[in-house]
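Mapping of the sequence shown onto the UniProt record's numbering: residues 1 to 661, in sequence order.
Single-structure report; data block below.
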Amino acid sequence: MSTCNPLLSPLLIINLTVHLLCPAAGMITSRMNGYVQEAPGQAEGHRERAVDCPGEESGHVKSLHNSTQMERVLHHQEELRRRRDEEGRGKHEIDPNASLRLKKLSQNQKMGIDNPTFDGKEKASKDTSSPSTVVELEEFLQALKWVQRCLSDSQSQQDVDLLTQLIAKEDFTNAYTIYSVVSQQMTRVSPSSPLTAQAQDLCQEVYTIVILQSSRQKEGLELRALLTKPHLQALMQAHDSVAGQEITEENIHQYLGESVKLVRLEKTRDTPLGATVRNDMNSVVVSRVVKGGAAERSGLLSEGDEILEINGIPIRGKNVNEVHDLLQQMHGTLTFLLIPSSHIKPAQHRQTVMHVRAYFDYDPSDDPFVPCRELGLSFQKGDVLHVISQEDPNWWQAYRDGDEENQPLAGLIPESHFVTAGKGWISKKSKKLKKKSALNNKNTDNDDVLTYEEMSLYHQPANRKRPITLIGPTNSGHDELRRRLLSIEPERFAVAVPHTTRNARMIEKNGRDYHFVSRSAFEADLATGKFIESGEYEKNLYGTSTDSVRQVINSGRICVLCLHSRSLQVLRSSNLKPYVVFIAPPSQERLRTLLATEGKTPKPEDIKDVIEKAREMENNYGHFFDASIFNTDPEQAFHELRRLIDKLDTEPQWVPTSWLC
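So this is what it looks like as structure tokens:
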């Protein structure tokens, strides 16, 4: 057998090919730290504390500039290394099958450092075996030929031929050329000091020479135009500004062992840091990174990072309240010494914002289960929330619609399944409210705990207006508002012609006043769900069908309905896209005065019954209301209703996403 080329073994060929085809493989490093991984669900028992403090969003990682910081880093690394060795000895003692040979081999294993803080000047002096120049393709092909001579089996010969064909391809050659150029640039040592700090003067001198020589050559004219460009002059000014700074020489080293990261955030304006911390035994760990804060925008702090120091102050052993108070007192540059999390981060995907309407009231100050009460977002039934993060399985991060400018940080809201599964206080409170409501109102049909409904923006077409549905108890004024709309603009507003089983009177016309149908036909349509609401009066059936509403919509007019609140569920499932307005009665005294102007003298218990029914409607069906009008003054209520209707033509409105499918 012929002697193989000692410069290139098959293992080296495989390694080099992997680096060429998969550059990321050369970047894989190990990271050992003291972060304790919790079991699923264990973190729920930890109380988080927000460490929000004003700070500029622009953060950066910097190297260590003084020996004191370096000594502290070494101290922490030595402590972590000692902890790791103790854990390794413990594992070996309890493992009867442990191999001493494997243990010795593992001790000699080189551990990579994923630490942007250290760049390592010692690497060039210690790692002398690594090639300083890139292997040329010709040398690589010659080495392959040597390897092929050493191989006896046909399969290996085919593998080498396949590799040779790959190298001969143009795409591979171009990729290798780029790799070579980048490798040479990475190994090139940068100058320790700028060549000159008078680049502006140098440009002016060159420009003067060109002018004095009155150069008419193409190159001279091009150089003259280039030197007068504002962008180049600004570049030279920036160069001189940086070159003129006196920067202390950095003591940069790369250490074997644990990975420690130094992060600096500039606290220059009132921007919250946007992070929470929790205690993990004796450590302080970043528990949550909140959307909108400086930590999230910089990308330098991650969940699971252990905080060792803040501005040189040791953090281990402190509770979260002490860390919060400490950060509140700090201003300017915040320097965090961290042990990066050992968790493998999944690939970051751009999360789409989900818009939901809340179907319950929530106050984080009353919720003992919220992980961080300072970041809890309060909302009321009917509010639209913009959910921007669903990474936590139990707590979403969201903004209230219309309040984004006043809410720099996203707030925490309970996830829908966390509510319905009965894990939280919200579910218990909702069930209590529903049970009380069911006792007071036997007609309620809300059997499930309602949480959120996904919403989308919808702008009604000019030729298909959304039906306006007025909801309210008797004597609340919703019937009078409908009559005023129909009388003032009959060409714009209309009512749906109802169905009935009674016989037509002399002055009534079928299709104009009523749709007169037989009882059997009415009951058949009722069974198939064609009626929004129906009832019986003097042994005759009456009802409003979805087809009647569609006839008004198809004519280009706006259908105005006055319905019972129980009919809202059927109306919403009919694909008519109704706009529901709740007409709430005023106080008892004001309601009595308004009814007196109409010649009505209701009893005190009747007035009280109107107020109570309005409250029940709002509790049971308030999540279906698009708007509410308090009818304290009939004239103002009418103008407000007109304003809401006109707004449907000019502004998109939130509707359930299921309506648009």
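Positions of the beta carbon are idealized from the N, C-alpha and C atoms, including for glycine.
Problem - Short Cβ contact (8 Å threshold) for Tyr629 with Ala637 - result: On the sequence shown, position 629 is the one that residue 629 refers to. On the sequence shown, position 637 is the one that residue 637 refers to. According to the sequence as given, residue 629 is Ile; it is not Tyr. Yes, these two residues count as a Cβ contact at 8 Å.
Exercise for the section: Could you tell me whether the Cβ of Val285 comes closer than 8 Å to any Cβ of chain E? Expected result: Chain labels in this structure do not include chain E; a single protein chain is all it has.
Exercise for the section: Using the DSSP secondary-structure output, state which residues sit across from Lys267 in a beta bridge. Expected result: Taking the first residue of the sequence shown as position 1, residue 267 is located at position 267. Lys267 is bridged to Gly332.
Exercise for the section: Quick one: residues in its chain with C-beta nearer than 8 Å to the C-beta of Leu151, no 5 flanking neighbours on either side, listed in chain order? Expected result: In the sequence shown, residue 151 corresponds to position 151, counting from 1. Within the same chain, Leu151 has close Cβ partners Gln157 and Val160.
Handout entry: Thr474 - DSSP class collapsed to helix/strand/coil
Key = Counting from 1 along the sequence shown, the entry for residue 474 is found at position 474. When DSSP states are grouped into helix, strand and coil, Thr474 belongs to the coil group.
Problem - Proximity to Arg566 [Cα-Cα], best of Asp513, Asn620 and Pro586 - result: Position 566 of the sequence shown, counting from 1, holds the residue named residue 566. Of the candidates Asp513, Asn620 and Pro586, the one whose C-alpha sits nearest the C-alpha of Arg566 is Asn620.
Exercise for the section: Tell me where the beta strand (DSSP E) around Ala627 begins and ends. Expected result: Mapped onto the sequence shown, residue 627 falls at position 627. Taken as a continuous stretch (DSSP letters only), the beta strand (DSSP E) holding Ala627 covers Ala627 to Phe630.
Practice task
Identify which residue in Leu377, Glu405, Arg592 and Gly382 has its Cα closest to the Cα of Trp395.
Solution key: Start at 1 with the first residue of the sequence shown, and residue 395 comes out as number 395. The shortest C-alpha separation from Trp395 is found at Leu377.
Problem - Where the alpha helix (DSSP H) through Glu219 begins and ends - result: Along the sequence shown, one-based indexing puts residue 219 at 219. Looking at the DSSP string, the run of the alpha helix (DSSP H) that includes Glu219 is Lys218 to Leu227.
Handout entry: Leu563 versus Ala527: straight-line alpha-carbon distance, rounded
Key = Position 563 of the sequence shown holds residue 563. Position 527 of the sequence shown holds residue 527. Cα to Cα, the separation comes out at about 20 Å.
Exercise for the section: Inspect the CB distances between the region 541 to 560 and the region 479 to 497 and report whether three or more fall short of 8 Å. Expected result: Contact holds between the region 541 to 560 and the region 479 to 497, because three or more Cβ pairs, one in each stretch, are under 8 Å apart.
Handout entry: With 16 other Cβ atoms within 10 Å as the buried cut-off, status of Glu138
Key = One-based indexing of the sequence shown puts residue 138 at position 138. Its Cβ having fewer than 16 others within 10 Å, Glu138 is exposed.
Exercise for the section: Can you check DSSP and say which residues form a bridge with Asn279? Expected result: The residue labelled residue 279 in the question sits at position 279 within the sequence shown. Looking at the DSSP output, Asn279 sits in a beta bridge with Val284.
Practice task
For the alpha helix (DSSP H) holding Trp396, just list the boundary residues, first then last.
Solution key: By 1-based counting over the sequence shown, the position of residue 396 is 396. That residue, Trp396, is in no alpha helix (DSSP H); its beta strand (DSSP E) goes Trp395 to Arg400.
Practice task
Kindly indicate which three-state DSSP category Tyr458 falls into: helix, strand or coil?
Solution key: As a working mapping, residue 458 is identified with position 458 in the sequence shown. Here Tyr458 sits in strand by DSSP.
Exercise for the section: Take Leu223 and list the residues in its own chain whose beta-carbon comes closer than 7 Å to its own, dropping the five residues that flank it on each side. Expected result: Position 223 of the sequence shown, counting from 1, holds the residue named residue 223. Val210.
Exercise for the section: Specify whether the region 454 to 463 and the region 643 to 661 touch according to this definition: at least 3 beta carbon pairs, one from each stretch, less than 8 Å apart. Expected result: As far as the Cβ criterion goes, the region 454 to 463 touches the region 643 to 661, which means the pair count is three or higher.
Handout entry: Alpha-carbon spacing of Thr133 relative to Ser180, whole angstroms
Key = In the sequence shown, counting from the first residue as 1, residue 133 sits at position 133. In the sequence shown, counting from the first residue as 1, residue 180 sits at position 180. Legend: pLDDT at Thr133 = 49, less than 50; position of this residue unreliable, no value from coordinates given.
Handout entry: Assigned secondary structure, Phe638 (DSSP; H/G/I helix, E/B strand, else coil)
Key = The count along the sequence shown starts at 1 and reaches residue 638 at position 638. Reduced to three states, the DSSP call for Phe638 is helix.
Exercise for the section: Can you tell me the Cβ-Cβ gap for Pro473 and Lys608, rounded? I've got them flagged as a contact below 8 Å. Expected result: Sequence index remark: in the sequence shown, residue 473 carries index 473 (1-based). Sequence index remark: in the sequence shown, residue 608 carries index 608 (1-based). In fact, because the Cβ distance is near 11 Å, the residues do not count as touching under 8 Å.
Exercise for the section: Would you mind reading off the limits of the beta strand (DSSP E) that contains Tyr359? Expected result: As a working note, residue 359 is residue 359 in the sequence shown. Premise fails: Tyr359 is in no beta strand (DSSP E) and is neither H nor E.
Handout entry: Rounded distance between the beta-carbons of Asp240 and Ala199, thought under 8 Å
Key = If you number the sequence shown from 1, residue 199 lands on position 199. If you number the sequence shown from 1, residue 240 lands on position 240. With a Cβ gap of about 5 Å, Ala199 and Asp240 count as contacting.
Problem - Heavy atom of the ligand FMN within 7 Å of Glu536 beta-carbon - result: Because no ligand of any kind appears in the structure shown, any question about the ligand FMN cannot be addressed here.
Handout entry: Spatial distance of Met617 from Gly535 (CA atoms)
Key = Counted from its first residue, the sequence shown places residue 617 at position 617. Counted from its first residue, the sequence shown places residue 535 at position 535. Each residue's alpha carbon lies about 20 Å from the other.
Handout entry: Selected residue, minimal CA-CA separation from Asn475, among Ser587, Leu385 and Ala627
Key = Numbered from its first residue, the sequence shown carries residue 475 at position 475. When each option's Cα is compared against that of Asn475, the closest is Ser587.
Handout entry: For Glu48 and His343, the rounded distance between their alpha carbons
Key = Taking the first residue of the sequence shown as 1, we reach residue 343 at position 343. Taking the first residue of the sequence shown as 1, we reach residue 48 at position 48. C-alpha separation (whole angstroms): 19 Å.
Exercise for the section: Give the DSSP-derived three-state secondary structure of Lys104 in the structure shown. Expected result: As a first step, residue 104 is located in the sequence shown; it is residue number 104 there, counting from the start. The predicted model places Lys104 with a pLDDT of 44, which falls under 50 and marks its position as unreliable, so this point remains unresolved.
Problem - Span of the beta strand (DSSP E), counted from its first residue to its last, around Leu308 - result: Here residue 308 refers to the residue found at position 308 of the sequence shown. Residues Glu306 to Ile310.
Problem - Selected residue, minimal CA-CA separation from Asn625, among Thr601, Glu322, Thr173 and Leu568 - result: On the sequence shown, residue 625 is found 625 positions in, with the first residue counted as 1. Position check: residue 625 holds Phe in this sequence, whereas Asn was assumed. Here the closest residue by C-alpha is Leu568.
Exercise for the section: Ignore the nearest five residues each way along the sequence and tell me which others in Trp659's own chain have a CB closer than 6 Å to its CB. Expected result: Locating residue 659 in the sequence shown gives position 659, where the first residue counts as 1. So the qualifying residues of the chain are Lys577.
Exercise for the section: Report buried or exposed for Lys318, applying the criterion of at least 16 other Cβ atoms within 10 angstroms of its Cβ. Expected result: Here residue 318 corresponds to residue number 318 of the sequence shown, with the count starting at 1. Lys318 sits buried, since 16 or more C-beta atoms from the chains shown fall within 10 Å of its C-beta.
Exercise for the section: Closer than 6 Å by C-beta to Gln407: which residues in its own chain qualify, once you throw out the five before and the five after it? Chain order, please. Expected result: Counted from its first residue, the sequence shown places residue 407 at position 407. So the list reads Tyr399, once near-sequence residues are dropped.
Exercise for the section: Classify Thr276 as buried or exposed, calling it buried when 16 or more other Cβ atoms lie within 10 Å of its own Cβ. Expected result: Here residue 276 is taken as the residue at index 276 of the sequence shown, counted from 1. So Thr276 counts as buried.
Exercise for the section: Can you grab the Cα-Cα spacing for the pair Pro393 / His417, in whole Å? Expected result: The residue given as residue 393 occupies position 393 in the sequence shown. The residue given as residue 417 occupies position 417 in the sequence shown. The straight-line gap from Cα to Cα measures roughly 9 Å.
Practice task
Enumerate in chain order the residues of its own chain whose CB-to-CB distance from Arg492 is below 7 Å, with the five nearest sequence positions on each side excluded.
Solution key: As a position in the sequence shown, residue 492 is number 492, starting the count at 1. The answer, listed in chain order, is Arg557 and Ile558.
Practice task
Give me whichever residues DSSP pairs with Arg535 in a beta bridge.
Solution key: Against the sequence shown, residue 535 aligns to sequence position 535. Checking the sequence shown, residue 535 turns out to be Gly, not Arg. Answer is Tyr542.
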